[in-house]
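Protein chains in written order, with this note's numbering: chain C, 1 to 226; chain S, 227 to 590.
This report concerns only the one structure given below.
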Amino acid sequence: MNPEELPKRVLEAYIGEYASGKSENAVNRALELARLGRKVTLVDLDLVEPCYTLRPLKRKLGEEGVTVLAWDTGEMIGLGETGNILKPEVRFCLRHPGDVILDIGYGSFGAQVLNLVEGAAEEQELKIYAVINIARPMTGTVADIVDHVRSLGRVDGLINNSHLGEDTDLDFIKQGALIVKEAAAILGLPVIATSVMEELAPSLGKTDWYGHPVRVIKRYLPQAFW
Amino acid sequence: MGIIEGEKKAFMTGNEAVAWAALVAGAEIMYGYPITPQNEIMQYWTRLAPKHGRKFLQTEDELSAGFTTIGGVLTGKRAFTATAGPGNVLMQEPMSMAEAMRIPTVVVVQQRGGPSTATVIYSQQEVTLTCFGGNGEGLRVVYSTSSHQELYDYTIKAFNTAWKYRFPTFVLADGYQAKMRESLVLYDPEERGIEMVPTEPFVGKPGMPGEDRPPAHLRNTYNIEEELEEVLKKDIQEYEQMAPEIIEYDEFNTDGADVLVIAHGVVFRSAAMAVRKLADEGLKVGYFRPITLRPFPQEQLRQAAAKAKQLMVVESAYGQLLKLVKDNLYGMDLPIHTHLRPGVGVTPEEVVADLRTVLEGRED
C-alpha cells in the first residue's frame, strides 16, 4: 500500500455477519498500519461473543506495536453468560491519537453499538466496513448480502472476505469477489478490498480479478479461542 | 425443491451446523432455553425457521424445554432441543419421561465445564449424565461427534434413530465444537439417499380408541412392581436388539498395538493426530473411538483391546469415558493408562508426550 494514499487518521469499524471475519480483518488492518510506522489503536467492541475475540491476542499485538483496548480474560466476570461490560476506555477510543480500528461483535445489531462510542456520530472520517464471506450461508448470494448489509445500519463499503478456512482456493475467492461486487453495485457502495490469506496471496498480486485492492490476511484468530 | 441444492461447502460454527442439519432433516419446531455454549443453535434456528415455515418456543427453563419437546413430539412434530451443563442436568427429568414413554426426542448437548455452572467453555464431563442421567436404565442413544461435518451428519441421523427406534436420542458435542469454525458440506438428506423416517402423532389419532385402534396409553407411572418390570423388560430387550444396528465406532492400527488409545468427541481428534504421528514413526500405536457412547460398541472394543498390550484413555473429564471402558472390558486383564483433564482441552502434543512415556516404559 502506498502510505501517501492513506488519510491522516485511519478510522475504520469492521462489522458484519457472525463469523464473517470481522476480527481477523480488523487485526490484520491494524498490523498493516502499524508496520507502516503509524500509531494504531485496536478496539474490542464485541459485547456478546466470549470466543474468538481480541482478548487472547492482546499481548501479542502489543508486541507488534498495536495498542489494544480490550479486557484481559482474567478481568471478565460472567464470561459468555451475561454479555460483556464495555471497558470504560473503549468509550473514548476515538480520542486516541493516530489510527483507530474498531472490531464490532455480531450480536450488537451492526453499527448500533457505535452509539456507545463518544464522537462516533460526529466523526466524519470514520468508515464502517461490512465484512462478507460468501461461505457463510446467510450471506451466500447477492440478494442475501444486500438484505444483510441493509440490516446493519450505516455501511460505507464492503470487504470480500470469502474463504473456507484451510479449504480455501483462489476460485472460491474469485466467486466471492464477483458476488460481493454485484451486491456492492446494488447497494451503491464501494468494494474496499478482497482479503486473501497469506498462503494464497502471492498468486494474486496487488488487486483481484475485478480491480479491488488485495489485503493479505495472516490468521490470528484460531489462536484466540478464549 | 430442497433447502440446499446439491452439495454446498460452507464455513461455520458447530452450533450453526446443528441448526442447518435440523432444518434439512425436517425438524418442525425447536424448544429451548438459552445457555452457553449452545446459544447459537437457538439464535441461528430462530433466523432460519421463519424463512422455512418452522417454529421456535423459548421456554422458562430446561425442564420446560424438555417437556415441551416431548409435547411437540406427542403431536407428531419432529421436535428437538439443545442444552449444556446445568441445563442438561434439568433436561434429565423430561428425558426420563421420554425414556419411560418411548418418545423420540432429540437433544443436542454442547458440554461445558462442571460441576454446576463451572465454565461456559468446554469439557467432556456430561458423558455419564447424558448416557445414564435420570432415574432409569439409560435406555437412550448418544452419538459423540468430533467435527462440524459429524455434527451435521449425526444431527440428521439422530432424528431418524429416534423416530425409528423410539428411544430419546442425544447428539453429544462440546463448547469447542460449538464455537469453532471450520468448513463442511451441507446437503439435503434426500439427495444422499437418506430417507427421513416419517413422524406420526402419539395422541389425537383418528378413530375410536379400543375399537378402530388401540388406545394411546402413554404411561410413566405404574401401580405395582411387576407391571413396571414387565414394561422395562420389553424396553430393555428392544434396546438390546437395536444396539447392533446402530452401534458406531472407528479404529486404526489396532493389530498388535503396544498402546491402544481410546478417546471420543473432539478429544478423539487430538488423540488420532498423536497416534498417527507416532505410527508414522513406526511405533505400534493405534486408536479406538466409540461414536455411540450409548449403546457402547462393547464387542468391537473388546476385540481391539484383545490385540493390544496396553490401553490409554484420553478425555477432558476425570474418568467418565474411563468408567464406560472399564465396564465394557470387564474380565479382561489389561493395564489402562490415562490422560484425564477435567474441563480442559487436550492437545495432540500432550498425548504424544504421554504415549512416549508409556512406550518407553517410564510410567507405571
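For glycine and all other residues, C-beta sits at the position ideal for the given N, C-alpha and C.
Computed from a prediction, not measured in an experiment: that's the story for all the values here.
Assigned secondary structure, residue i (DSSP; H/G/I helix, E/B strand, else coil)
i, result
"A130 (chain C)", "strand"
"M238 (chain S)", "strand"
"A543 (chain S)", "coil"
"S108 (chain C)", "For S108 (chain C), the predicted model reports a pLDDT of 49, less than 50, meaning its position is unreliable; a value from the coordinates is still stated below. Helix."
"H490 (chain S)", "coil"
"P213 (chain C)", "strand"
"E198 (chain C)", "coil"
"D400 (chain S)", "strand"
"E17 (chain C)", "coil"
"H563 (chain S)", "strand"
"F358 (chain S)", "helix"
"L412 (chain S)", "strand"
"T207 (chain C)", "strand"
"Y369 (chain S)", "strand"
"G74 (chain C)", "helix"
"F172 (chain C)", "helix"
"Y378 (chain S)", "helix"
"T139 (chain C)", "helix"
"L62 (chain C)", "The sequence as given places Gly at residue 62 (chain C); Leu does not occur at that position. Correct three-state label for G62 (chain C): helix."
"T261 (chain S)", "Note that residue 261 (chain S) corresponds to Ile in the displayed sequence, not to Thr. Coil."
"P190 (chain C)", "coil"
"P330 (chain S)", "coil"
"T343 (chain S)", "coil"
"D476 (chain S)", "strand"
"G157 (chain C)", "strand"
"L102 (chain C)", "strand"
Whole-angstrom C-beta distance between residue j and residue i, which should lie under 8 Å
i, j, result
"Y348 (chain S)", "G571 (chain S)", "6 Å"
"V66 (chain C)", "L86 (chain C)", "Contact flag wrong, Cβ pair sits at about 20 Å."
C-beta atoms of residue i and residue j nearer than 8 Å
i, j, result
"V368 (chain S)", "C357 (chain S)", "yes"
"E242 (chain S)", "Y270 (chain S)", "yes"
"V131 (chain C)", "K22 (chain C)", "yes"
"S20 (chain C)", "N161 (chain C)", "yes"
"P190 (chain C)", "G140 (chain C)", "no"
"V48 (chain C)", "G74 (chain C)", "no"
"R338 (chain S)", "P263 (chain S)", "yes"
"I104 (chain C)", "V113 (chain C)", "yes"
"Y18 (chain C)", "A26 (chain C)", "no"
"F306 (chain S)", "V335 (chain S)", "no"
"M256 (chain S)", "M238 (chain S)", "no"
"Y513 (chain S)", "A497 (chain S)", "yes"
"L412 (chain S)", "Y378 (chain S)", "yes"
"K235 (chain S)", "A135 (chain C)", "yes"
Environment of residue i [buried if 16+ CB atoms lie within 10 Å]
i, result
"F92 (chain C)", "exposed"
"P561 (chain S)", "exposed"
"S108 (chain C)", "Note on S108 (chain C): pLDDT 49, under 50, position unreliable in the model; the coordinate value appears next. Buried."
"Q124 (chain C)", "exposed"
"L170 (chain C)", "exposed"
"P330 (chain S)", "buried"
"W209 (chain C)", "exposed"
"D580 (chain S)", "buried"
"N115 (chain C)", "exposed"
"G508 (chain S)", "exposed"
"V353 (chain S)", "buried"
"K218 (chain C)", "exposed"
According to DSSP, residues forming a beta bridge with residue i
i, result
"I267 (chain S)", "For I267 (chain S), which the question treats as bridged, DSSP gives no partner whatsoever."
"F428 (chain S)", "BP columns for F428 (chain S) are empty, so no partner."
"Y513 (chain S)", "S:F478 and S:V487"
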